[in-house]
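Below is one structure, written out as structure tokens; comments come after it.
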Amino acid sequence: MQESTASIQDQVSQDIGRFLQRHKDPRKGLLQLSAKTRIHTKTLRRLVLKEHNPTYQTLYKLYSCLIGTADLGQMLNSAPVLIQEKLKRTDPQLKSSPLHKYNVSIEQELIKDPCFSELYVLADTRPFDLKFVRSRFGEYGIEILHKMLQLNVLRLLENGRYALGSNRSTFSAEAIKAVGLRLTEKYAKPSRTDENYANYMNLFFESINEVTYRKWLDIDVQAFQDKMRLLEDPSSRGSLPIFMFNVIDTLQEPS
């Protein structure tokens, strides 16, 4: 595992280096890359120096820019083999149908429009009909519905309900936060916490050391992977629509 990680770090460092070589002033090149990828310059410098192991979300943002495409499939086909392997290994979306296409432009719609994002999630978990859209979102919801159909984000089923289509959204950290907060605000039900196995909520804040903080992060990463592993069993699927949104972060302002 250590050799694989080091190789990925080498690959990323080389690819960023090649981008910077195209600029007379590498510092300006780094600022440009930061603006295009929405990756902090400090993180990019650490990637160049091989001091940082990039997550799959970082790799998506970086290589979408370096390759010049918003289409995840095109990016995967053009990315170095090591990058392809890590993305396929760590992104749960890529375990779905190969017919699905993931696009950053759809993610931007997801981030900026609460109606778009809620219909997107519901279409994947509890397909709805036209009456539901009109009652919840009014005529604006109908406009968004037609837009999502044109983008092939939604498809009409034989029973008159709408489900997700072939074009899907990528999920950067920004999208996870935006959609997660909206779902939490609308669907988290404090009144049900007294019921066994109805839901789970937690909140904790404390001052801890760096070692403990990293252990906490590792525990949550492992818990998420365990949950995704359960879904590999077809019998795990059912009629109960659920969402899960989890955050651990420091109580420090962004630098």
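Per the working numbering, the sequence shown starts with residue 17, numbered consecutively. Cβ atoms here follow ideal geometry from the backbone N, Cα and C, with glycine treated the same way.
Extent of the continuous alpha helix (DSSP H) run through residue i
{"i": "R43", "result": "P42 to T53"}
{"i": "A189", "result": "A189 to Y203"}
{"i": "G84", "result": "G84 -> no alpha helix (DSSP H), and no H or E assigned at all."}
{"i": "D236", "result": "E226 to L246"}
{"i": "K58", "result": "T57 to V64"}
Residues that residue i bridges to, as DSSP identifies them
{"i": "Y118", "result": "R184"}
{"i": "A95", "result": "None, per the DSSP bridge assignment."}
{"i": "F9", "result": "No answer is possible for residue 9: it lies beyond the span of the chain, which begins at 17 and ends at 271."}
Cut-off 8 angstroms between Cβ atoms - residues of its own chain near residue i, not counting five sequence neighbours on either side
{"i": "T21", "result": "Any reading at T21 must be qualified, since the residue scores a pLDDT of 48, below 50, and its modelled position is unreliable; the value itself is stated next. Cβ within range, chain order: N69."}
{"i": "F144", "result": "L135, L138, R177 and Y178"}
{"i": "S29", "result": "L63, V64, L65 and K66"}
{"i": "G33", "result": "V64"}
{"i": "I24", "result": "N69, P70, L98, I99 and K102"}
{"i": "A204", "result": "N215 and M217"}
{"i": "A191", "result": "E123, L126, I127 and S185"}
{"i": "Q27", "result": "P96, L98 and I99"}
{"i": "G254", "result": "none"}
Same chain, Cβ closer than 7 angstroms to residue i, five either side skipped, listed in chain order
{"i": "T59", "result": "H68"}
{"i": "R198", "result": "P130, S133 and E134"}
{"i": "I158", "result": "V149 and R150"}
{"i": "S80", "result": "A86, M91 and V120"}
{"i": "S207", "result": "none"}
{"i": "T74", "result": "I55"}
{"i": "Q18", "result": "With a pLDDT of 37 at Q18, under the threshold of 50, the modelled position of that residue is not reliable, and no figure is offered here."}
{"i": "L47", "result": "T57"}
{"i": "I83", "result": "M91, S94 and A95"}
Enclosing beta strand (DSSP E) for residue i [first to last residue]
{"i": "R171", "result": "L170 to L172"}
Cβ-based neighbour list, residue i, same chain, cut-off 6 angstroms, excluding 5 preceding and 5 following
{"i": "L36", "result": "P42 and G45"}
{"i": "S252", "result": "L246"}
{"i": "E2", "result": "A query on residue 2 cannot be resolved here, the shown segment of the chain reaching from 17 to 271 and no further."}
Buried or exposed (CB count within 10 angstroms, at least 16 for buried), residue i
{"i": "Y118", "result": "buried"}
{"i": "R230", "result": "exposed"}
{"i": "D107", "result": "buried"}
{"i": "Q268", "result": "exposed"}
{"i": "L256", "result": "exposed"}
{"i": "R38", "result": "exposed"}
{"i": "M91", "result": "buried"}
{"i": "A189", "result": "exposed"}
{"i": "Y213", "result": "exposed"}
{"i": "D31", "result": "buried"}
{"i": "F259", "result": "exposed"}
Inter-residue CB distance, residue i and residue j (contact presumed, cutoff 8 angstroms)
{"i": "L78", "j": "T57", "result": "Actually they do not touch by this definition, with Cβ atoms about 13 angstroms apart."}
{"i": "L161", "j": "L170", "result": "7 angstroms"}
{"i": "V120", "j": "A86", "result": "4 angstroms"}
{"i": "L180", "j": "D140", "result": "5 angstroms"}
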